[in-house]
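Student:
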Amino acid sequence: MTLADAIEQSAAPRAAALAVDQLIAADPTAAERLNDPLLARAVATVTGASRAFSTLLVFDPGALHVLGDLDHRSPPVSTSIEDLRRWKRLEELRIAARDLLGLDDVEAATRAIAQCARDVLTASLALAQPAEPLAVIGMGKLGGDELNYASDIDVMFVGQGDPGALERAARRTMEATRPSFRIDANLRPQGRDGPLVRSIASYQAYWERWAEPWEMQALLKARFAAGAESLGREFEAVAEQRLWSTTFSADDLRQLRHMKARTEADLARRGLTDREVKLGRGGIRDIEFAVQLLQLVHGRLDEDLRSPTTLTALSVLAEAGYVDGGDAAALAEAYRFLRMLEHRLQLYDGAQVHAMPVDDGERTRIARTMGFADGRAGSALEQLDAALARHQGTVRTIHERLYFRPLLEAFAGADDELLHRPGAIEARLAAFGFSDGPRTRAAVHELTRGLTRSSRLMQQMLPVLLSWLSTTPDPDLGLLCLRNLSDQRDRAEELARAFRDSPEAARRLCSLVGTSRMTADLLARNIDLVARLPDSGRLSTQARPELVSRARTALDWRPDLADRQRALRRWKDRNLFGIVARDLLGAATTDEVGRDLTTLAEASLEAALAALDPAVPFAVIALGRFAGSELSYASDLDVVFVYEGSGAADRAEADRVASGLRRFVDGASPAEQIWNIDLGLRPEGKQGPISRSLSSYDRYFEQWALVWERQAMLRARPVAGDAALGVAFMALLDGFVWEPGLSADDRREIRRMKARIERERLQPGDDPQFHLKLGRGALVDVEFTAQLLQLEHGIREPSTTAALRALVEHDALDPHDGLALGESYRFCERTRNRMFLVRSAPGDALPQQGAPLTWLARSLDTTPAELREEYRRVTRRARAVVERVFYGIT
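Numbering (the numbering used here), first residue to last: 35 to 924.
#1: Under a Cβ-count criterion, where at least 16 other Cβ atoms within 10 Å of its own Cβ denotes burial, should R226 be classed as buried or exposed?
#2: How is V753 classed by DSSP in three states: helix, strand or coil?
#3: Take S574 as the anchor and find which of A621, L543, A565 has the nearest alpha-carbon.
#4: So, for L68: in the same chain, excluding its five sequence neighbours on each side, which residues have a beta-carbon less than 6 Å away from its beta-carbon?
#5: Taking only the alpha-carbon atoms, compute the straight-line gap between G314 and L503 and give it to the nearest angstrom.
#6: Specify the secondary structure class of D449 as computed by DSSP and reduced to three states.
#7: So P197 and V154 are in contact, right, with Cβ under 8 Å, and what is the actual spacing, rounded?
#8: Return the CA-CA distance between D449 and S341, expressed in angstroms with no decimal places.
#9: Do the stretch 466 to 474 and the stretch 350 to 367 touch if we need at least three Cβ pairs shorter than 8 Å?
#10: Smallest Cα separation from S693: which of N609, D712, S108?
#11: Please confirm if the stretch 394 to 407 is in contact with the stretch 288 to 295, defined as three or more CB-CB distances below 8 Å between the two stretches.
#12: Just tell me which of P798, D617, N609 has its CA closest to the CA of I708.
#13: D630: buried (16+ other C-beta within 10 angstroms of its C-beta) or exposed?
#14: Tell me the rounded alpha-carbon separation between Y734 and K720.
#15: Curious, which full-length beta strand (DSSP E) runs of at least 3 residues does the stretch 667 to 741 contain?
#16: Can you tell me whether I171 is buried or exposed? The criterion is at least 16 other CB atoms within 10 Å of its CB, across all chains shown.
#17: Would you list, in sequence order, the uninterrupted alpha helix (DSSP H) runs of no fewer than 4 residues that lie entirely inside the stretch 772 to 853?
#18: Tell me which residues share the same chain as D594 and place their Cβ nearer than 7 Å to its Cβ, disregarding the 5 neighbours each side in the sequence.
#19: Which residues share a DSSP beta bridge with A879?
#20: So, at 8 Å on beta carbons, what are the nonlocal neighbours of R51 in its own chain, with the 5 sequence-adjacent residues on each side left out?
#21: Return the chain-ordered list of same chain residues with a C-beta closer than 6 Å to the C-beta of G760, the five sequence neighbours on each side being excluded.
#22: Just to check my reading of the structure: I432 and D508 have Cβ atoms closer than 8 Å, yes? What is that Cβ distance to the nearest angstrom?
#23: Could you give the DSSP three-state label for G96: helix, strand or coil?
#24: What does the Cβ neighbour count give for V392, buried or exposed, with the cut at 16 atoms within 10 Å?
#25: Apart from the five residues on each side of it in sequence, which residues of its chain come closer than 6 Å, Cβ to Cβ, to L335?
#26: If I'm right that L890 touches V872 with Cβ under 8 Å, what's the distance once you round it to whole angstroms?
#27: Return the Cβ separation of G317 and L265 in integer angstroms, given the expectation that the two are a contact with Cβ distance under 8 Å.
#28: According to DSSP, is R304 part of a helix, a strand, or is it coil?
#29: With DSSP run on the structure shown, which of helix, strand or coil describes R257?
#30: Would you mind sorting L327 into buried or exposed? The rule is 16 or more other CB atoms within 10 Å of its CB.
#31: Determine the burial state of Q275: buried for a count of at least 16 other Cβ atoms within 10 Å of its Cβ, exposed for fewer.
#32: Where are the alpha helix (DSSP H) runs, 4 residues long or more, that stay fully inside the stretch 72 to 154, in chain order?
#33: What three-state label does DSSP hand D508 in the structure shown?
Structure, rendered in structure tokens:
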């Protein structure tokens, strides 16, 4: 092969020709030497693939000598930092040339780069001249023999002796290394804030008390790299003992998976999901992460799985039956392809690049360095794009089913090796949150039995369904709910259609049923709603007029009360599902949930009231959180009824409507209840009439009403019935609520009432330290503080959060105080709402411990300890405001 032929066959002929011209200009003897076909091909190949190495060839005469004898590896030097840097560049050139020419495969290239890094660290230590034993521990790709051309080298230092002297020696070592490799010691305990060098005992103490799951995962690849070998090997042994004596819980693995999901979300925001070959969907990290999680799950029981090298570990996992053999082969093929592509991206400029470029010319050059050539199968670039998409799709598909497919085969008796490996199935199920192995096996059998299309689809989808369920707060609950939703043939077929049409519907359904049994109960009666899950817009609550119209349409044609009740309850359930789903899927804020629930309640009352056909003007006045559009899932509807009229006949009609509305909405039993109507705030309470005329309210407010009733009516708002009557009622309240002002006696009475609530309203068993409603600085504290200030300053706003904003705008509340009160209010309300969904029952205090607290914390994307700490933080700040502003304590 002539030099011209070699240049023409290179990935970038123009760039290679220019580099050769510059080389000959710098060294005239090079022209004759390039008559050697092997050297010519090496030079053309390297210069066509790498601008960085082209520059090296022009300015370093030793580079051409390296390319002339690629089998010869020069020994590392430690005469100076600059000499070491030059040696590293020439050795990297040799490795890259062998890689590009196909003399070495990906594994050989990464091992060679890792060995080069270890040699540089050894030489840097010699230059640093530590006076006491100091060892460098390779982490990440260095520890796994998997370095890239542009990799950082992740390290930790372990030492024995004077901490100050060791710290200085380690810093000198890093300074000597840095011209050759980017060196990163941030994986050490406490990161940049921690000491650079620790003793083995110090590492042990840290791991025992403070290490996060990701730090233990990082120890998978911790290996001695340079320095005092006996100390480094002792560290290896201690780290391995600590890692493999650690049981990785479902929460630990959940945290690791969540960290990875956050990385993917960040890539998606930057538009790099498909271009990123390392962190993107179906990229290198998918393979590495899946392998490492399986190592963490099974490595305690099986020492053969503990290799720090991804391909070695994957091979062993397949041989032992933990991974399907075909899946392992596909992953290994994709890994080699993706790592080679990553290398080609980085070789051009020696930069830490992991994303495919946008420019077609650059991508074509990369395609050619990957060995693709224009031909009948398409252009080199088209072939690269197709191969990349194929490998990414394969990796992502296998990644999503990898954890559970072997289990399902074992359940079916097809994977005897895994089935008979002691504890393997139980370990994997427990690690991914499925605590009841027999129940999981039974559920899998129920979901896949039979020969129907739906059962065959479930057989195909179950691995990925289990994977999605494993990320939910309660995977066992989710699997049970999924099985129950499939227990009738019509529902199973409906589910199968939805899953077939949209995998996103299946993913979202898993998220919902693994969090709340309530969602499964709603779907059991309305299975067609599953098809709406992929589109959050189809789950949105309609505006009030549309809701009222649809509710009345659902009732109008039905002849009797029982049918109308059932129709309204089903209509409410279908709309409630949309609210719950958007809440759990993160598509709605706490304020939006409150408004949607309120709108749904208003429309329910309006439709029910219209069905009763009042013969007198009749209106429903909301109070409390209902009036403020801040309903929670567990809220009663606090209301009073008002009518316009006089005389016994009008009163009798109003009482008929009021009693009928209450029976209609309350139902005869909890199972029939649509909403719980609470009339306890009406004048005279339970002793008072169920409805009053407008004139009766006027007399009562003028003669008998107490301060607490003024406070209650502060949040009044008409929500159903005769609109003109509602306006008249609100006008009546102007004189009662707002005109008297607030006397010193009134303030004292409100404070006494608040103190009495704190003492008397807690339920037996509730934890007062973590009470979301009555706790210090919690919901009631915020509400009373806002209402006191509203009465003092005439701020007419039934919503607590809106009232806080208005008080700040009118200089009636310090902005920082308003933020503190609002933050606590929203935190407590969101947590209280989520607790209802997770427990399927009302409750106002955080669970004290155990599974309920864990499930609640997981559903809020936190841990039990962090959830309690957040409660303390926000309520402590709010209580300080309450004591100063409400109680006047300075």
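Beta carbons are placed, not taken as given, at the ideal position from N, Cα and C, and that holds for glycine. Treat the numbers as computed from the prediction; the structure is a model and nothing was measured.
Tutor: So, from the data block:
#1: R226 is exposed by the Cβ-count criterion.
#2: In the structure shown, V753 sits in a strand (DSSP, three-state: E or B).
#3: Closest option to S574, Cα to Cα, is A621.
#4: Excluding positions up to five away in sequence, the list reads L37, A74.
#5: Whole-angstrom Cα-Cα distance: 22 Å.
#6: The predicted position of D449 is uncertain, since its pLDDT is 49 and thus under 50; a value taken from the coordinates is nonetheless stated next. DSSP places D449 in coil when its eight states are reduced to three.
#7: The beta-carbon distance between P197 and V154, rounded to whole angstroms, is 25 Å. This is too long to meet the 8 Å contact definition.
#8: Confidence at D449 is low in this model, with a pLDDT of 49, below 50, so the placement of that residue should be treated as unreliable; the coordinate-derived value is given next. If you draw a straight line from the Cα of D449 to the Cα of S341, it is about 24 Å long.
#9: Output reads no: the stretch 350 to 367 does not touch the stretch 466 to 474.
#10: Minimum Cα distance to S693 is reached at D712.
#11: Between the stretch 394 to 407 and the stretch 288 to 295 there are fewer than three inter-stretch CB-CB distances shorter than 8 Å, so the stretches are not counted as touching.
#12: Each of P798, D617, N609 was checked against the Cα of I708, and the nearest Cα belongs to N609.
#13: When all chains shown are included, D630 counts as buried.
#14: Distance between the alpha carbons of Y734 and K720 is about 15 Å.
#15: Those beta strand (DSSP E) runs which fall completely within the stretch 667 to 741 and span 3+ residues are 671 to 677, 725 to 727.
#16: Label assigned to I171: buried.
#17: Listed in chain order, they are 778 to 794, 813 to 827, 834 to 843.
#18: Residues of the same chain with their beta carbon placed closer than 7 Å to that of D594 are lacking, with the five preceding and five following residues left out of the count.
#19: As DSSP reads the structure, A879 sits in a beta bridge with H805.
#20: Per the sequence presented here, residue 51 reads as Ala, with Arg not at that position. Correct list, in chain order: I41.
#21: Excluding its 5 nearest sequence neighbours in each direction, G760 has C-beta neighbours in its own chain below 6 Å: A653, P752, listed in chain order.
#22: About 26 Å separates the beta carbons of I432 and D508, which is beyond the 8 Å limit, so they are not a contact pair.
#23: The answer is helix: DSSP assigns G96 an H, G or I state.
#24: Counting Cβ neighbours within 10 Å, V392 comes out exposed, since fewer than 16 surround it.
#25: The beta carbon of L335 is closer than 6 Å to those of G457 in its chain, skipping five residues each way along the sequence.
#26: Between L890 and V872 a beta carbon distance of about 5 Å is seen, short of the 8 Å cut, so the two are scored as contacting.
#27: G317 to L265, Cβ: 36 Å. No contact.
#28: R304 carries a coil assignment under DSSP once its states are collapsed to helix, strand and coil.
#29: The answer is strand: DSSP assigns R257 an E or B state.
#30: Buried, because 16 or more other Cβ atoms sit within 10 Å of the Cβ of L327.
#31: Exposed, since its Cβ has fewer than 16 Cβ neighbours within 10 Å.
#32: The DSSP assignment places complete alpha helix (DSSP H) segments of no fewer than 4 residues inside the stretch 72 to 154 at 85 to 93, 95 to 102, 115 to 134, in order along the chain.
#33: Three-state result, D508: coil.
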